[in-house]
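Asker: Numbering (full-length UniProt numbering), first residue to last: 1 to 98.
What follows is a single structure, and I will ask about it in a moment.
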């Protein structure tokens, strides 16, 4: 495993561990998810450069567009839950009450 592959896989694993262990606030979970998407974006960009083909050149932009949509939907969800429940703590959210 090259150092670049190790760096990107460890960045993805750190984001995944952040989601698993720090699930107190919705904003921290969204930030960990964005970190995971950023590591995937960089890894996919370098993968497309290593293959040196034009067929994979659009894949990082597609991932970046999906990441932007995910971030906007997550922030809208954060605003909606903060307005209705008064907090963004994930332990206070109950799907049966929403």
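Backbone N, C-alpha and C fix where the C-beta goes; we use that ideal spot for every residue, glycine too.
Strictly by DSSP, which residues pair up with residue 89?
Answerer: DSSP, once it has assigned bridges, lists 25 as partnering residue 89.
Asker: Could you work out which residue in 91, 52, 56 and 67 is closest to residue 30 when comparing CA atoms only?
Answerer: When each option's Cα is compared against that of residue 30, the closest is 67.
Asker: Alpha carbon to alpha carbon, how far is residue 90 from residue 54?
Answerer: When rounded, the distance between both Cα atoms is 43 Å.
Asker: What would DSSP say about residue 17, mapped onto helix, strand or coil?
Answerer: Three-state result, residue 17: helix.
Asker: What do you reckon, are the CB atoms on residue 43 and residue 56 nearer than 8 Å?
Answerer: No, Cβ-Cβ distance for residue 43 and residue 56 is not below 8 Å.
Asker: Of the residues 17, 39, 25 and 59, which one's Cα is nearest the Cα of residue 6?
Answerer: Taking only the C-alpha atoms, the option nearest residue 6 is 39.
Asker: Among residues of its own chain, excluding the 5 on either side of residue 92, which ones have a beta-carbon nearer than 8 Å to its beta-carbon?
Answerer: Within the same chain, residue 92 has close Cβ partners 85.
Asker: What are the uninterrupted segments assigned as beta strand (DSSP E) that are 3 or more residues long and contained completely in the region 28-74, given in chain order?
Answerer: Within the region 28-74, no complete beta strand (DSSP E) run reaches 3 residues.
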